[in-house]
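There are 2 protein chains.
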Amino acid sequence: MDNNAMPIRNTNQRQLIFDYLKRTLTHPTAEQIFQQMRKELPSISFGTVYRNLDILEKQGLISTIIYSKEHVRYHSGTMNHSHFVCSVCDRIEDLEVDDLSELKNQISRRYKLKISKHNLIFYGLCPACQKVYK
Amino acid sequence: MDNNAMPIRNTNQRQLIFDYLKRTLTHPTAEQIFQQMRKELPSISFGTVYRNLDILEKQGLISTIIYSKEHVRYHSGTMNHSHFVCSVCDRIEDLEVDDLSELKNQISRRYKLKISKHNLIFYGLCPACQKVYK
DNA sequence: CTACCTGCAAACTTTTTGCAGCCCA
DNA sequence: TGGGCTGCAAAAAGTTTGCAGGTAG
Chain Z
3 MDNNAMPIRN TNQRQLIFDY LKRTLTHPTA EQIFQQMRKE LPSISFGTVY RNLDILEKQG
63 LISTIIYSKE HVRYHSGTMN HSHFVCSVCD RIEDLEVDDL SELKNQISRR YKLKISKHNL
123 IFYGLCPACQ KVYK
Chain G
3 MDNNAMPIRN TNQRQLIFDY LKRTLTHPTA EQIFQQMRKE LPSISFGTVY RNLDILEKQG
63 LISTIIYSKE HVRYHSGTMN HSHFVCSVCD RIEDLEVDDL SELKNQISRR YKLKISKHNL
123 IFYGLCPACQ KVYK
């Protein structure tokens, strides 16, 4: 979990995964990354893929797009506000944010998209956890 | 999957779930909703909870906050752009969006948060799928 | 009455983890 | 050489689904 203090080695597997993500434009899933890696390194395992994706993300070399189910939270009403998730205590806070319809319209037009909804989440430390963690 | 054309009944289970979501402020997970419902209706099952959450969401009565793993997609680099997910073909497109640092600063200050990253996703129909689905 | 809904349990999907051996620094 | 890293496989976590009976409208 905590890779902060840990030295990190540069393995062939990790390099291959990173190279693939740098050259692809498809935003692959872990499954798709695993399949691609098997072509280049038939003995690679799923565990290795997941472990390296975590490490690469912690190093800030890649990032994740969370776009679909699991670890979903529910609330009533339509989503006309955004959310903050505390990385430590996992609490979710509602945020009153200036509405993004301006931005949404702009993007719809520019990319010719039909946008039905959006999801804006900020991650970080809540006031209480900021005190505890220095 | 497609509840659009289906008449929807008003069952006790569904009403209890909706009532709970209306009065709670905690953004519960499906698991937490299930545990709460068991207090009010000990025989309720997980399947019923999930099915009703889907229905309530399709009706627009509740909404979901997707904030953590699974169905994650990866890409290289740090996330300085936002994404669009097509609900039909599942393709993910990068969007060049005016940066949100202004908004981020404003929110940090107002809510006393330490924000380390954000995730902005728009959902809808991509140009190709708009043609197919009328 | 009809067909949507429920509880139950099994199946599925995706991710995590323990372990013994490997190999990068 | 040491300790992070790997492949393998089993386990865990979370969600979906088939079925037979229940119930709202």
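Line by line, the protein sequences are chains Z and G.
Following our numbering, the numbering of the first sequence begins with 3 at its first residue and continues without gaps.
Following our numbering, the numbering of the second sequence begins with 3 at its first residue and continues without gaps.
Ideal Cβ placement from N, Cα and C applies to all residues, glycine included.
Apart from the five residues just before and just after residue i, which ones in its own chain have a Cβ nearer than 8 Å to its Cβ?
i                     : result
residue 14 of chain G : 43
residue 67 of chain G : 29
residue 50 of chain Z : 15
residue 59 of chain Z : 65, 66
Assign residue i to one of three DSSP states: helix, strand, or coil.
i                      : result
residue 66 of chain G  : strand
residue 92 of chain Z  : coil
residue 126 of chain G : strand
residue 45 of chain G  : coil
residue 6 of chain Z   : A caution first: residue 6 of chain Z carries a pLDDT of 40, below 50, which makes its placement in the model too unreliable to give a value.
residue 119 of chain Z : strand
residue 134 of chain Z : helix
residue 51 of chain Z  : helix
residue 97 of chain G  : strand
Which value, in whole angstroms, describes the spacing of the CA atoms of residue i and residue j?
i                      : j                      : result
residue 11 of chain Z  : residue 83 of chain G  : 29 Å
residue 23 of chain G  : residue 75 of chain Z  : 11 Å
residue 132 of chain G : residue 116 of chain Z : 8 Å
residue 31 of chain G  : residue 38 of chain G  : 11 Å
residue 61 of chain Z  : residue 101 of chain Z : 33 Å
residue 111 of chain Z : residue 86 of chain G  : 13 Å
What residue from the options has the CA that sits closest to residue i's CA?
i                      : options                   : result
residue 95 of chain Z  : Z:109, Z:78, Z:124, Z:112 : Z:124
residue 134 of chain Z : Z:89, Z:111, Z:67         : Z:89
residue 53 of chain Z  : Z:20, Z:108, Z:113, Z:106 : Z:20
With respect to the beta strand (DSSP E) encompassing residue i, which residues constitute its N-terminal and C-terminal limits?
i                     : result
residue 75 of chain G : 74-78
Take residue i and list the residues in its own chain whose beta-carbon comes closer than 7 Å to its own, dropping the five residues that flank it on each side.
i                      : result
residue 127 of chain G : 88, 89, 90, 135
residue 46 of chain Z  : 15, 39, 40
Starting from residue i and walking both ways along the alpha helix (DSSP H), at which residues does that stretch end?
i                      : result
residue 61 of chain G  : Run containing residue 61 of chain G: none; DSSP gives neither H nor E here.
residue 104 of chain G : 103-113
residue 27 of chain Z  : No alpha helix (DSSP H) holds residue 27 of chain Z; DSSP gives it neither H nor E.
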